[in-house]
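A.B. asks: From first to last, the protein sequence lines are chains A and B. Each residue of the first sequence is one higher than the one before, starting from 16 at the first, in our numbering. Each residue of the second sequence is one higher than the one before, starting from 16 at the first, in our numbering. Just so it is clear, CB atoms sit at the ideal spot from N, CA and C, and this is done for glycine as well. Small disclaimer: the values here were computed from a predicted structure and weren't measured.
Number of protein chains: 2
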Amino acid sequence: MVRLAGELFAQKGYRATTVREIADAAGILSGSLYHHFDSKESIGDEILSGFLDEVLADYRGAVASGDGPREVLEQIVRTSSHTLVRHRAALAMLQNDWSYFAAQPRFAYLRKDLREIERIWTGELQRGKDLGLFRADLDVKLTYRLLREILWIPVHWRQPGGFSTDQVVDAFLRLLFEGITA
Amino acid sequence: MVRLAGELFAQKGYRATTVREIADAAGILSGSLYHHFDSKESIGDEILSGFLDEVLADYRGAVASGDGPREVLEQIVRTSSHTLVRHRAALAMLQNDWSYFAAQPRFAYLRKDLREIERIWTGELQRGKDLGLFRADLDVKLTYRLLREILWIPVHWRQPGGFSTDQVVDAFLRLLFEGITA
DNA sequence: GTCTATATCGAGATAGAC
DNA sequence: GTCTATCTCGATATAGAC
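Pasting the structure below:
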C-alpha cells in the first residue's frame, strides 16, 4: 500500500496524486483507504522518514570509515546513489513538493536531516582543502549546494532509454574531481 | 500585477500560491483580479513564456558568436545566469510545478524549448570532444543533464546570506572545467 | 475490509451592484 | 476597477451499512 502510493508519488509528485488514484491503483475505493491509513500525510511521512533514515546511515557510515575526504565523498556518492534510486518516491516528493512539506511542523525533521547532510559534505570538502587535496579557492558551502543538487536529481530521469545508476555515478565523480577538460 | 504574482510564485511555487494571496498582495479582493486576468493559468503562461524567450535568446546569441565550444558554454553560463535571476519566478515554477505544467497542452512549448536548450548544450559538448578540448569519454547527454540542473538551481537559494550570481557562476565554471581537485 | 453516501473544505472562477 | 455574494469543482476525510 505504501509502495503503491510511493509509485504514484514518484511519477507525479505528492500533491498531484489524489487518494482516489491511490485507491484505484490498489483496486479499492477511496473511502476504504482510510481503514489502512489515517491520512495521506501519514503516508508521506512514512516514505520521507524512511528515506532520510537510510540516506543518513549512508553518510554516517562513509564518515565513520575513517578514510580521506576524497574516499569519503566517493563512498557517499556511490552508496547513497543506490539508496536514492530505491527511494525515488521520497526524492520526487522532496523535489516536487518541497515547499509544501517544508512549511509543515510535522515535517520539521526534513530540514534538520538535510542540515546534517550539508555539515558532512562541507566538513569533508574543508578537510580536503586543509590537506591540500582540493583547490584552496573552493567555497565549501557553495560547492556543496551545487553538488548535492546534481546528485539528487538523476533519479528524476530514469525513464526513457535511461542511464544506469552506475553510469550516472561515474560521470558525476569524474566531473566532480576532474571537470570536463581533456 | 504579474510581477506581484511572480514574487509569490517564486517564494512558494505556482500551485501553492492561491489567487486570494495574489489579490491580498495587490490590496484587492480575489474577484477583482479577474478584471485584469482571465485565469491564474494565463499569468503562469505569461511568466513562463517570457522567461523562455529570453533565455533562448541568450543561448542562440552565444552559439551565433562563432567562438569555440568552451567560450560558447562559458558565455551561455554567464549570460543566462543573470537571466535566470531576473526570472526566478519562472524558474521556481519549473522546479516546483514541472509535472503540473508538463501535463498540459497549453504549456507544450516548455518541452520544445527545453529540447532546443539540450541540443545546444550537447552540440557544444560534442564539438569540444571532436576538437580534443573535452575528455573523449564524456557522455554528452548525461553531462548536459547533470550540468543544466546545477545551473538552474542556484536561484532557489538566494535568500539567507546568499552568494552573488557572479560567485555562483565562477564556482560553477571552475567546477565544470577543472573539477575540485587541486 | 470494503462498500455507499456524504460531510467539509479550499480553490478557481463568475455575476452583477456600486 | 473593486466590491459582495455565490457557483462549481475536486480533494481529503468520515459514518455507518454489509
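Does the beta carbon of A/Lys-27 sit closer than 7 Å to a beta carbon anywhere in chain B?
C.D. replies: Start at 1 with the first residue of the first sequence, and residue 27 of chain A comes out as number 12. At least one chain B Cβ lies under 7 Å of A/Lys-27.
A.B. asks: Kindly list, in the order they appear in chain B, the residues whose Cβ is closer than 7 Å to that of A/Arg-30.
C.D. replies: Within the first sequence, numbered from 1, the residue matching residue 30 of chain A stands at position 15. Going along chain B in sequence order, the residues near A/Arg-30 (Cβ under 7 Å) are Arg-30.
A.B. asks: How would you list, in chain order, the residues of chain B whose beta-carbon sits under 9 Å from the beta-carbon of A/Asp-154?
C.D. replies: Translated into positions along the first sequence, residue 154 of chain A becomes position 139. Those are Phe-178, Gln-182, Ala-186, listed as they occur along chain B.
A.B. asks: Kindly indicate the opening and closing residues of the alpha helix (DSSP H) around B/Ala-25.
C.D. replies: Position 10 of the second sequence holds residue 25 of chain B. It spans 17-27 - the alpha helix (DSSP H) in which B/Ala-25 sits, taken as one unbroken run.
A.B. asks: Name the chain A residues whose beta carbon is nearer than 7 Å to that of B/Ile-195?
C.D. replies: Locating residue 195 of chain B in the second sequence gives position 180, counting from the first residue. Chain A residues near B/Ile-195: Phe-149, Arg-150, Leu-153, Thr-158, Leu-191, Phe-192.
A.B. asks: By how many angstroms is the C-alpha of B/Leu-109 removed from the C-alpha of B/Gln-119?
C.D. replies: Your numbering for residue 119 of chain B matches position 104 in the second sequence. Your numbering for residue 109 of chain B matches position 94 in the second sequence. Approximately 13 Å between the Cα atoms of the pair.
A.B. asks: Note down the Cα distance separating B/Ile-165 from B/Val-183, rounded to an integer number of angstroms.
C.D. replies: In the second sequence, the residue the question calls residue 165 of chain B occupies position 150. In the second sequence, the residue the question calls residue 183 of chain B occupies position 168. Going from the Cα of B/Ile-165 to the Cα of B/Val-183 covers about 10 Å.
A.B. asks: Take the Cβ of A/Leu-146 as the centre, count every other Cβ of all protein chains shown within 10 Å, and call the residue buried at 16 or more, exposed below.
C.D. replies: Locating residue 146 of chain A in the first sequence gives position 131, counting from the first residue. Its Cβ having fewer than 16 others within 10 Å, A/Leu-146 is exposed.
A.B. asks: In the segment 89-114 of chain A, which residues sit with their C-beta less than 9 Å from some C-beta in chain B, listed in chain order?
C.D. replies: Per Cβ criterion, the list reads Ala-107, Gln-110, Asn-111, Asp-112, Trp-113, Ser-114.
A.B. asks: Would you mind sorting B/Lys-144 into buried or exposed? The rule is 16 or more other CB atoms within 10 Å of its CB.
C.D. replies: One-based indexing of the second sequence puts residue 144 of chain B at position 129. Its Cβ being crowded by 16 or more others within 10 Å, B/Lys-144 is buried.
A.B. asks: Between A/Gly-42, A/Leu-191, A/Thr-33, which has its C-alpha nearest A/Ser-54's C-alpha?
C.D. replies: Reading the first sequence from its first residue, position 39 is the one you call residue 54 of chain A. Nearest C-alpha to A/Ser-54: A/Thr-33.
A.B. asks: List, in order along the chain, the chain A residues whose C-beta lies closer than 9 Å to that of B/Gln-23?
C.D. replies: Translated into the one-based positions of the second sequence, residue 23 of chain B becomes position 8. A quick correction: the sequence has Leu, not Gln, at residue 23 of chain B. Correct list: empty, because the minimum Cβ distance to chain A is about 11 Å.
A.B. asks: Any C-beta of chain B sitting closer than 7 Å to the C-beta of A/Leu-63?
C.D. replies: In the first sequence, the residue the question calls residue 63 of chain A occupies position 48. So no, A/Leu-63 is outside the interface.
A.B. asks: In chain B, which residues lie with their C-beta within 9 Å of the C-beta of A/Glu-133?
C.D. replies: In the first sequence, residue 133 of chain A corresponds to position 118, counting from 1. Per Cβ cutoff of 9 Å: no residues; A/Glu-133 is ~11 Å from chain B at best.
A.B. asks: Against chain A, does B/Glu-36 count as a neighbour if the rule is that its beta carbon must be under 7 Å from one of theirs?
C.D. replies: Reading the second sequence from its first residue, position 21 is the one you call residue 36 of chain B. No, because no Cβ of chain A sits closer than 7 Å to the Cβ of B/Glu-36.
A.B. asks: Starting from A/Leu-161, find everything on chain B with Cβ-Cβ shorter than 7 Å and list it in chain order.
C.D. replies: Numbered from 1 along the first sequence, position 146 holds the residue referred to as residue 161 of chain A. Ordered by position in chain B, the residues that pass the 7 Å Cβ test against A/Leu-161 are Ile-165, Ala-186, Phe-187, Leu-190.
A.B. asks: Mind checking whether A/Ile-37 and A/Tyr-74 have CB atoms under 7 Å apart?
C.D. replies: Here residue 37 of chain A is taken as the residue at index 22 of the first sequence, counted from 1. Here residue 74 of chain A is taken as the residue at index 59 of the first sequence, counted from 1. No, the pair does not count as a contact, with Cβ atoms beyond the cut-off.
A.B. asks: Please go through the segment 34-114 of chain A and give each complete beta strand (DSSP E) segment of 3 or more residues, from N-terminal end onward.
C.D. replies: For the segment 34-114 of chain A, not a single whole beta strand (DSSP E) run of length 3 or above is found.
A.B. asks: If the criterion is Cβ atoms closer than 7 Å, does the pair A/Val-70 and A/Thr-94 meet it?
C.D. replies: Here residue 70 of chain A refers to the residue found at position 55 of the first sequence. Here residue 94 of chain A refers to the residue found at position 79 of the first sequence. Their beta carbons are not under 7 Å apart, which means A/Val-70 does not touch A/Thr-94 by this criterion.
A.B. asks: Closer than 7 Å by C-beta to B/Val-17: which residues in its own chain qualify, once you throw out the five before and the five after it? Chain order, please.
C.D. replies: The sequence position of residue 17 of chain B within the second sequence is 2, counting from 1. Same-chain partners within the cutoff: Ile-58, Glu-61, Ile-62.
A.B. asks: Within 10 angstroms of the Cβ of B/Arg-134, are there 16 or more other Cβ atoms? Answer buried if so, exposed if not.
C.D. replies: Position 119 of the second sequence, counting from 1, holds the residue named residue 134 of chain B. Result: exposed.
A.B. asks: If I measure Cβ to Cβ from B/Gln-90 and keep anything under 6 Å in the same chain, skipping five residues before and after, which residues do I get?
C.D. replies: Locating residue 90 of chain B in the second sequence gives position 75, counting from the first residue. These residues qualify, in order along the chain: Ala-77.
A.B. asks: Would you report the Cα separation of B/His-51 and A/Ala-104, rounded to the nearest angstrom?
C.D. replies: Residue 51 of chain B sits at position 36 when you count from the first residue of the second sequence. Residue 104 of chain A sits at position 89 when you count from the first residue of the first sequence. The alpha-carbon atoms of B/His-51 and A/Ala-104 are separated by roughly 39 Å.
A.B. asks: Taking all protein chains shown into account, decide if B/Asp-152 is buried (16 or more other Cβ within 10 angstroms of its Cβ) or exposed.
C.D. replies: Start at 1 with the first residue of the second sequence, and residue 152 of chain B comes out as number 137. It counts as exposed.
A.B. asks: Please report how far the alpha carbon of B/Arg-142 lies from the alpha carbon of B/Lys-27, in whole angstroms.
C.D. replies: Locating residue 142 of chain B in the second sequence gives position 127, counting from the first residue. Locating residue 27 of chain B in the second sequence gives position 12, counting from the first residue. Cα to Cα, the separation comes out at about 39 Å.
A.B. asks: Which first and last residues belong to the alpha helix (DSSP H) in which A/Leu-125 is found?
C.D. replies: In the first sequence, residue 125 of chain A corresponds to position 110, counting from 1. It spans 123-145 - the alpha helix (DSSP H) in which A/Leu-125 sits, taken as one unbroken run.
A.B. asks: Comparing C-alpha positions only, which one of B/Leu-191, B/Thr-137, B/Leu-129 sits nearest to B/Asp-68?
C.D. replies: Stepping through the second sequence from its first residue, residue 68 of chain B is reached at position 53. Out of B/Leu-191, B/Thr-137, B/Leu-129, B/Leu-129 has the C-alpha closest to the C-alpha of B/Asp-68.
A.B. asks: From B/Arg-150, B/Leu-19, B/Trp-113, pick the residue whose C-alpha is nearest to that of B/Ala-41; which is it?
C.D. replies: Counted from its first residue, the second sequence places residue 41 of chain B at position 26. Comparing Cα positions, the closest option is B/Leu-19.
A.B. asks: What residue does the alpha helix (DSSP H) around B/Asp-181 start on, and which one ends it?
C.D. replies: Walking along the second sequence from the start, residue 181 of chain B turns up at place 166. It spans 180-193 - the alpha helix (DSSP H) in which B/Asp-181 sits, taken as one unbroken run.
A.B. asks: When burial is assigned at 16 or more other CB atoms within 10 Å of the CB, is A/Tyr-29 buried or exposed?
C.D. replies: Translated into positions along the first sequence, residue 29 of chain A becomes position 14. That one is buried.
A.B. asks: Helix, strand or coil, according to DSSP, for B/Thr-196 in the structure here?
C.D. replies: Residue 196 of chain B sits at position 181 when you count from the first residue of the second sequence. The answer is strand: DSSP assigns B/Thr-196 an E or B state.
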